[in-house]
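Numbering (the numbering used here), first residue to last: 424 to 873.
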């Protein structure tokens, strides 16, 4: 490259790499170690901070606040995952650390984007960032809030579940009596259990047998009463007893025989002996069915109790482990029942949100630092240098384009002159040819005339 040629693609100078004389008051030697790493979380330029080392402590603590927020977010996710999964908490640590890294990166971006801002611009930038921090803080704070109140919350959840199980058991018992009767009320629509061998059929058979026995007993009593009357009349007739319808003649006379024959015939016609035998059989059946009904009720009651117990166990199993929604509902119930709990849970919630917003709040509440001014000045200088560089590139490119335009125009003029010269020579040649042709024709004409 010629010595008078400037390379516009390379920087004029290289950045300082520690070539300043040792012992200068400013800048100081670069810092290393944990403090520099913490400041790296929030995007601090160490080469600029070397000019104001007094502010290293401020930005180191601001980086520590961002790291603490990330650790709190990791703990929050670990608590939330532990409450919704059955995985051992040790295996959930990687996911919690990833979430903590995300929060550290996000909070670091919130802070890094505010370096170099001064005065009104600072407030305008911080308001939306603070709103985002509050939103994320509310999400992060909730699992930790539930963790703080966990003993009281879990007791409330277990008490509510026990009350629910008790009410469910009572409704099942009410809707499924041991007698086997069907309770058809609307409240029992979803509380019937399916149990085989209901005593209802035995009860129906017993009721039917009792009705038959009572009906037959009435017939037997009526026939026995009528037969007893006829036998009494025959006995009195044979004994010579005087009275209405009696002859008063003692002995086995015609009337005596007639009355006994009539009584015996009535016994046969009324089938009294058979009916008495049937009545005895029905009475024995009633006794047996009554015993069967008592046994059936005992067995059915046991089966119903077993079915109810199975459904209650299933209901308890369906409740599952205590989750975040259960804890939220229990905390809401406790807060509504006790003002102290209501106030305490909101104080803790707001405190946790404030801790999560602390990086943005700390930066927002602090005044503009010398580091901000230096960074702002460096950004302004970089902006001006960039503008000048772009202007220089614009002028160079414009000059190059102008040269190309002039070169193009020069080529155009040269080509046009060549075309004009060729055209002029062509016209001269045609004119000469025409004159020669005219001379030849004139010579021929003169030759003919002579």
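All C-beta atoms, glycine included, are put in the ideal place defined by N, C-alpha and C.
Only a predicted model underlies this, so the values are computations on that prediction, with no experimental measurement involved.
Runs of the alpha helix (DSSP H) lying entirely within the segment 562-613, each at least 4 residues long, are 573-598 in chain order.
Spanning the alpha carbons of residue 608 and residue 637 requires a straight line of approximately 34 Å. If you draw a straight line from the Cα of residue 663 to the Cα of residue 676, it comes to about 10 Å. A Cβ-Cβ distance of about 10 Å is found for the pair residue 647 and residue 702, leaving them out of contact under the 8 Å criterion. In the DSSP assignment, residue 488 falls within the unbroken alpha helix (DSSP H) covering 479-507.
Selection 569, 503 and 535 evaluated against residue 482 yields 535 as nearest (Cα-Cα). No Cβ-Cβ contact shorter than 9 Å links residue 553 with residue 802. For residue 497, same chain residues with a beta-carbon under 7 Å away, outside a window of 5 residues either side, are 519, 520, 522 and 523 in chain order.
In terms of Cβ geometry, residue 592 and residue 735 form a close pair [threshold 9 Å]. Looking at 778, 654, 641 and 465, the one whose alpha-carbon comes closest to that of residue 539 is 465. Taking the C-beta atoms as reference points, residue 556 is found nearer than 9 Å to residue 779. Taking residue 765 as the centre and dropping the five residues before and after it, the same chain places the C-beta of 758 closer than 6 Å to its C-beta, in chain order.
For the set 671, 698, 580 and 773, the Cα lying nearest the Cα of residue 747 is the one of 580. Boundaries of the alpha helix (DSSP H) harbouring residue 521: 516-535, taken from the DSSP string.
Taken through DSSP and simplified to helix, strand or coil, residue 453 comes out as coil. Note on geometry: alpha-carbon atoms of residue 631 and residue 667 lie some 44 Å from one another. In the DSSP assignment, residue 833 falls within the alpha helix (DSSP H) that extends over 793-872.
In this structure residue 686 is in contact with residue 650, their Cβ atoms being roughly 6 Å apart against a cut-off of 8 Å.
With a cut-off of 8 Å on Cβ pairs, the segment 469-478 is in contact with the segment 447-459, counting three or more such pairs. Restricting attention to 737, 489, 576 and 642, the CA atom closest to the CA of residue 698 is found in 642. Contact between residue 635 and residue 705 holds, since their C-beta atoms are separated by about 6 Å, short of 8 Å.
The alpha-carbon separation between residue 848 and residue 819 amounts to approximately 43 Å. Just so you know, the alpha carbons of residue 597 and residue 559 end up roughly 50 Å apart.
Looking at 749, 628, 859 and 669, the one whose alpha-carbon comes closest to that of residue 583 is 749.
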